[in-house]
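*Asks:*
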Amino acid sequence: MTEEMLLLARGLLTALHKNPERYDLPKIEAAYALAYHAHEGQKRQSGDPYISHPLAVAESVVGLGLDTDTVCAALLHDTVEDCEGITAEMIAERFGTDVATIVEGVTKIVTVSIENREAAQIENIRKMMLAISKDIRVIIVKLCDRLHNMRTLDGKKNGDRQREIALETMYVYAPLAHRLGMQRIKLELENLALLYLDPIGYKEVMEAIDGRFGTSRELLASAKSRIEERITAYGVKYEVEDRIKSVYSLYRKIYEQGKPFEEIYDFYALRVIVDTVEECYTVLGLVHEMFTSVPGRFKDYISMPKPNMYQSLHTTVMSRDGIPFEVQIRTREMHETAEFGIAAHWRYKTGEAADESVDKQLAWIASLIEADEDTRDPDEYIHSFKSSLFREEIFVFTPKGDVISLPKGATVIDFAYTIHTAVGNRMVGAKINGVIVPIDRVPQTGDVVEVLTRNNQGPSRDWLNIVTTSEARGKIRQWFKKEKRPENIVFGRDMMEKELRRLGHAFTSSEAEKIFEATAERVGIGTLDDLFDTVGYGGISLSRIAVRLKEESTRFLKAQQAAETTPASADEAALATMQESSKSRAQKKQNGGVIVDGAEGCLVKFARCCAPLPGDAIIGFVTRGFGVSVHKRDCPNAVAGVSDPAQADRWLAAHWEKKDEGSKMYEASLSILTEDKIGVLAEVSMALAEMKIPVLTINVAPPKDDRATIHITVGCKDTEHCRSIVARLNAIPTVLRITRN
Ligand code: MN
-12 MTEEMLLLAR GLLTALHKNP ERYDLPKIEA AYALAYHAHE GQKRQSGDPY ISHPLAVAES
48 VVGLGLDTDT VCAALLHDTV EDCEGITAEM IAERFGTDVA TIVEGVTKIV TVSIENREAA
108 QIENIRKMML AISKDIRVII VKLCDRLHNM RTLDGKKNGD RQREIALETM YVYAPLAHRL
168 GMQRIKLELE NLALLYLDPI GYKEVMEAID GRFGTSRELL ASAKSRIEER ITAYGVKYEV
228 EDRIKSVYSL YRKIYEQGKP FEEIYDFYAL RVIVDTVEEC YTVLGLVHEM FTSVPGRFKD
288 YISMPKPNMY QSLHTTVMSR DGIPFEVQIR TREMHETAEF GIAAHWRYKT GEAADESVDK
348 QLAWIASLIE ADEDTRDPDE YIHSFKSSLF REEIFVFTPK GDVISLPKGA TVIDFAYTIH
408 TAVGNRMVGA KINGVIVPID RVPQTGDVVE VLTRNNQGPS RDWLNIVTTS EARGKIRQWF
468 KKEKRPENIV FGRDMMEKEL RRLGHAFTSS EAEKIFEATA ERVGIGTLDD LFDTVGYGGI
528 SLSRIAVRLK EESTRFLKAQ QAAETTPASA DEAALATMQE SSKSRAQKKQ NGGVIVDGAE
588 GCLVKFARCC APLPGDAIIG FVTRGFGVSV HKRDCPNAVA GVSDPAQADR WLAAHWEKKD
648 EGSKMYEASL SILTEDKIGV LAEVSMALAE MKIPVLTINV APPKDDRATI HITVGCKDTE
708 HCRSIVARLN AIPTVLRITR N
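Under my numbering, the first residue of the sequence shown is numbered -12, with each subsequent residue one higher.
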């Protein structure tokens, strides 16, 4: 290695030399040399040589305790994609198939944006899960990759891109790290993402932590030393750590759950690490002797581990000064699992890595892929993906006493399918604690659940609306898909015909057929029978298909009209589609034509209360939901907000981007005071139609003193355009006064 190569790899080499006997150093060196030359001349946006990135990723991988192959894959993870002349086959030849599989897996995981709910994105998530299911080390490298990209996100100059990456980290990678039990990485990813998504909230929480921690640091220190004294006297070997809740978890409690800072009981925690499970319970006893425990806060995750394998005892006690703090007690091994999760299984081990808990995680991922194979509904897929990442568990028992974990809110049907697909399919009823219960009953932790079955029984279609887990839903669909295609087609056609009738236009059956065909094409299903079948077995939800059906029938009617009538109305139809497409273009551009100083790249929404238009003086409010809402400067809410010291920080100067070709449509809301005469509303609507102004909402307030008020929202380009609309409406004799809200 050259001097420069050695210098760059300093961090990685130090990490490796902490446990040199665990690693095949020449192999790692060869991988480094290949990556170094492949990336030669490439730079990161920050200006650093590109190789610094794979080196940092490899260093994190070593920190997690992974094996030689994973370290090599980390070094090579960007070569196949970014460097000419390097292929997976070549890596397989030189470093073995494991390294190649991991590199390929990481390469295949492309940007997955959970906000953009299009089918292509679903495919990406599925691809990601497939790549992970081949070798779980793929996701470990990917998480380390993301961690380094987040740590260096400052180097990206584009605000939109920063926000996109931060969102994806928050919604995909941090939950994945959590689900795999990799707590340390999860916390760092969340905190870094928050820093970009709500910098002001981040700062507020940091200040609150400093304030509160500063004043009670001593209390915690004294509690710590009292506990240490007591355990020492008892003769148990231990280690005590103290910690403060992470910025992001405090942020969520304060802003999302609306909890006052003082009520967060687990703000402080002491962590006692001992050698054996027995000692865990001994220490718990000692702690409860010394301090009053807070009722309802004791959790035994040792006898009931979390689904991500986390084990620990948690209890909250009162310090002498009345400040509550949490004590977590666990063994060294549990601690390793808690911090490193799935990665803990490679730590201090050589060679064969897969053990039971790794298998369990892989089974979870496989079930996620399988259960959703038949889903064509992106919303639902995202939903089940998210809920399987975030799920909270309950624990119930089989009559034989086996513990079964279920996500919170799962029904007895979900329970049956968790036991076995065949049990679910044959289910006719259930008992909880010996008593027969309705089939949609939700069991609680500790319940004994028994499934009553009968042979030759199949699931019922209603179950699709009852079950809450994607696993059960997938299995029920699978059953219908396999067993009942002819019925599905009849059932699905019937549902779609009903839905079409609901739209209020009587179509002939050949017209209906055409609309169904167009709908099938829209959702990417080949034939009509396949579409009916899919709707019939629930592969696509009626609510989703209803939206497409409505769009297609409107389009059909418009085309029909255009064909039948004069060129003038064809123009109108063209205009309508033009407006539609310009609207969707405007929606695609996230900032809506607004620049908010200090929050570039944020998602921009227009405040309902004042509906600003280009030309208005505006101001932005940084919301807690990771976006900016734009108000008119003179909106009463903005005026009040700016002068409120508690939120003054969140109000930022904003201005409109330079006018583009004027294709963007905004919403203007108007209140029209009129005489209470028949026909006023019609006159107003006609005037708007003449000007080809799209009306988005219209409401008429009950008349008072011979006066009526019409509230309308119309599509509008800017303040000038709005003024011309108002002038035209003012010309109507019965219109008395118009105000923009
Ligand atoms: Mn990378």
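No residue lacks a Cβ here, since even glycine has one placed at the ideal position from N, Cα and C.
Remember, it's a predicted structure, so these values are computed and weren't measured experimentally.
1) Can you list, in chain order, the residues of its chain with a C-beta nearer than 6 Å to that of A625? Leave out the 5 residues immediately preceding and following it.
2) Are the CB atoms of A417 and V424 nearer to each other than 7 Å?
3) Determine the direct distance from the alpha carbon of A87 to that of V44, and round the result to whole angstroms.
4) At which residues does the beta strand (DSSP E) containing Q315 begin and terminate?
5) Checking 7 Å against the spacing of the C-beta atoms, do L657 and I719 come in under that value?
6) Please go through the same chain and pick out, in chain order, the residues whose beta-carbon is closer than 8 Å to the beta-carbon of R448, but skip the five residues on each side of it.
7) Using a Cβ-based criterion (distance less than 6 Å to any ligand heavy atom), does D65 qualify as near the ligand MN?
8) Report the CB separation of G579 from F593 in whole angstroms; it is logged as a contact under 8 Å.
9) Helix, strand or coil, according to DSSP, for S530 in the structure here?
10) Here's the rule I'm using: 16 or more other beta-carbon atoms within 10 Å means buried, otherwise exposed. How should T661 be labelled?
11) Within its chain, find whatever has a CB closer than 7 Å to the CB of M305; leave out the 5 residues flanking it on each side and keep chain order.
12) Taking only three categories from DSSP, how would you classify M296?
13) Short check: CB of T156 to CB of M137, under 7 Å?
14) DSSP beta-bridge partners for C703?
15) Might you give, ordered along the chain, the residues of its own chain that have their beta carbon closer than 6 Å to the beta carbon of H165, omitting 5 neighbours on each side?
16) Going by other Cβ atoms of all chains shown within 10 Å of its Cβ, with 16 needed for buried, is H135 buried or exposed?
17) Could you check what DSSP says for A443 in three-state terms: helix, strand or coil?
18) Among L716, K545, R637 and A655, whose alpha-carbon lies nearest the alpha-carbon of P599?
19) Are the segment 532 to 544 and the segment 484 to 492 in contact at 8 Å, needing three or more beta carbon pairs?
20) When every heavy atom of the ligand MN is checked, does at least one fall within less than 6 Å of the C-beta of D132?
21) Taking 7 Å as the threshold (C-beta atoms), are E326 and R171 in contact?
22) Using the Cβ count rule (16 or more neighbours within 10 Å means buried), how would you classify Q29?
23) Quick one: give me the first and last residue of the beta strand (DSSP E) that G416 is part of.
24) Which same chain residues, not among the five before or five after F519, have their C-beta less than 6 Å away from its C-beta?
25) According to DSSP, simplified to helix, strand and coil, what is F593?
26) Is M483 helix, strand or coil by DSSP?
27) For S496, name the three-state secondary structure that DSSP assigns.
28) Would you tell me roughly how many angstroms separate the C-alpha atoms of I725 and D693, rounded to the nearest one?
29) In whole angstroms, what separates the C-alpha of T66 from that of S711?
30) Based on Cα-Cα distance, which residue from R199, D185 and A499 lies nearest to G585?
31) Using the three-state DSSP reduction, which class does A561 fall into: helix, strand or coil?
32) Specify, as a first and last residue, the run of the alpha helix (DSSP H) that G628 falls within.
33) Can you tell me whether DSSP reads R710 as helix, strand or coil?
34) What residue range is occupied by the uninterrupted alpha helix (DSSP H) comprising N178?
35) Using 10 angstroms around the beta-carbon of R727, count the other beta-carbons present and answer buried if the total reaches 16, otherwise exposed.
36) With a threshold of 6 Å, establish whether the CB of W466 neighbours any heavy atom of the ligand GDP.
*Replies:* Looking at the coordinates:
1) In the sequence shown, counting from the first residue as 1, residue 625 sits at position 638. Around A625: I606 and H618.
2) Position 430 of the sequence shown, counted from the start, is the residue given in the question as residue 417. Position 437 of the sequence shown, counted from the start, is the residue given in the question as residue 424. In contact: A417 and V424 (Cβ atoms closer than 7 Å).
3) As a position in the sequence shown, residue 44 is number 57, starting the count at 1. As a position in the sequence shown, residue 87 is number 100, starting the count at 1. It is roughly 17 Å from the alpha-carbon of V44 to the alpha-carbon of A87.
4) Position 328 of the sequence shown, counting from 1, holds the residue named residue 315. In the DSSP assignment, Q315 falls within the unbroken beta strand (DSSP E) covering P311 to T318.
5) Taking the sequence shown and counting its residues from 1, one reaches residue 657 at position 670. Taking the sequence shown and counting its residues from 1, one reaches residue 719 at position 732. Contact: no.
6) Your numbering for residue 448 matches position 461 in the sequence shown. Excluding sequence neighbours, R448 sits near F467, F478 and G525.
7) On the sequence shown, position 78 is the one that residue 65 refers to. Within the cutoff, so yes.
8) For the purposes of this step, residue 579 is identified with residue 592 of the sequence shown, where counting begins at 1. For the purposes of this step, residue 593 is identified with residue 606 of the sequence shown, where counting begins at 1. Confirmed, Cβ separation roughly 7 Å.
9) Walking along the sequence shown from the start, residue 530 turns up at place 543. Three-state DSSP puts S530 in a helix.
10) Position 674 of the sequence shown, counted from the first residue, corresponds to residue 661. That one is buried.
11) The residue given as residue 305 occupies position 318 in the sequence shown. Cβ neighbours of M305 beyond the five flanking positions: F278, T279, V281 and P311.
12) Here the question's residue 296 lines up with position 309 in the sequence shown. Reduced to three states, the DSSP call for M296 is coil.
13) Your numbering for residue 156 matches position 169 in the sequence shown. Your numbering for residue 137 matches position 150 in the sequence shown. Yes, they are a contact pair.
14) Indexing the sequence shown from 1 puts residue 703 at position 716. Answer is Y653.
15) Your numbering for residue 165 matches position 178 in the sequence shown. Close CB contacts of H165 within its chain, under the 6 Å cut and outside five residues either way in sequence, are with K173 (chain order).
16) Numbered from 1 along the sequence shown, position 148 holds the residue referred to as residue 135. Sixteen is the threshold: when 16 or more other Cβ atoms of the shown chains lie within 10 Å of the Cβ of H135, as they do, the residue is buried.
17) Numbered from 1 along the sequence shown, position 456 holds the residue referred to as residue 443. The identity of residue 443 in the sequence shown is Asn, whereas the question assumes Ala. In the displayed model, N443 falls within coil according to three-state DSSP, outside both helix and strand.
18) Locating residue 599 in the sequence shown gives position 612, where the first residue counts as 1. Among L716, K545, R637 and A655, the Cα nearest to that of P599 belongs to A655.
19) By the Cβ criterion, the segment 532 to 544 is in contact with the segment 484 to 492, since at least three pairs of Cβ atoms, one from each stretch, lie closer than 8 Å.
20) The residue given as residue 132 occupies position 145 in the sequence shown. For D132, the distance from the CB to the nearest heavy atom of the ligand MN is below 6 Å.
21) Position 184 of the sequence shown, counting from 1, holds the residue named residue 171. Position 339 of the sequence shown, counting from 1, holds the residue named residue 326. Less than 7 Å divides the Cβ of R171 from the Cβ of E326.
22) Numbered from its first residue, the sequence shown carries residue 29 at position 42. Around the Cβ of Q29, a 10 Å sphere holds fewer than 16 other Cβ atoms; the residue is exposed.
23) What you label residue 416 is simply residue 429 of the sequence shown in a count that begins at 1. Its beta strand (DSSP E) spans residues M414 to I419.
24) Against the sequence shown, residue 519 aligns to sequence position 532. Excluding the 5 residues flanking it on each side, F519 has same chain C-beta neighbours closer than 6 Å at I476, G479 and R480, in chain order.
25) As a first step, residue 593 must be located in the sequence shown, where it is residue number 606. Looking at F593 - three-state DSSP - the assignment turns out to be strand.
26) Taking the sequence shown and counting its residues from 1, one reaches residue 483 at position 496. M483 carries a helical assignment under DSSP once its states are collapsed to helix, strand and coil.
27) Walking along the sequence shown from the start, residue 496 turns up at place 509. In this structure, S496 counts as helix in the three-state DSSP scheme.
28) Translated into positions along the sequence shown, residue 725 becomes position 738. Translated into positions along the sequence shown, residue 693 becomes position 706. The C-alpha of I725 lies about 16 Å from the C-alpha of D693.
29) For this step, residue 66 is matched to residue 79 along the sequence shown. For this step, residue 711 is matched to residue 724 along the sequence shown. Note on geometry: alpha-carbon atoms of T66 and S711 lie some 59 Å from one another.
30) The count along the sequence shown starts at 1 and reaches residue 585 at position 598. Residue D185 is the option with its Cα nearest to G585.
31) As a position in the sequence shown, residue 561 is number 574, starting the count at 1. Any reading at A561 is ruled out, since the residue's pLDDT is 47, under 50, leaving its predicted position unreliable.
32) Position 641 of the sequence shown, counted from the first residue, corresponds to residue 628. Where G628 is concerned, the enclosing alpha helix (DSSP H) stretches over P623 to V629.
33) Within the sequence shown, residue 710 is the residue found at index 723, counting from 1. Here DSSP, grouped into helix, strand and coil, assigns R710 to helix.
34) Locating residue 178 in the sequence shown gives position 191, counting from the first residue. Where N178 is concerned, the enclosing alpha helix (DSSP H) stretches over Q170 to L184.
35) As a first step, residue 727 must be located in the sequence shown, where it is residue number 740. Buried: at least 16 other Cβ atoms inside 10 Å.
36) This structure lacks the ligand GDP; the ligands present are the ligand MN.
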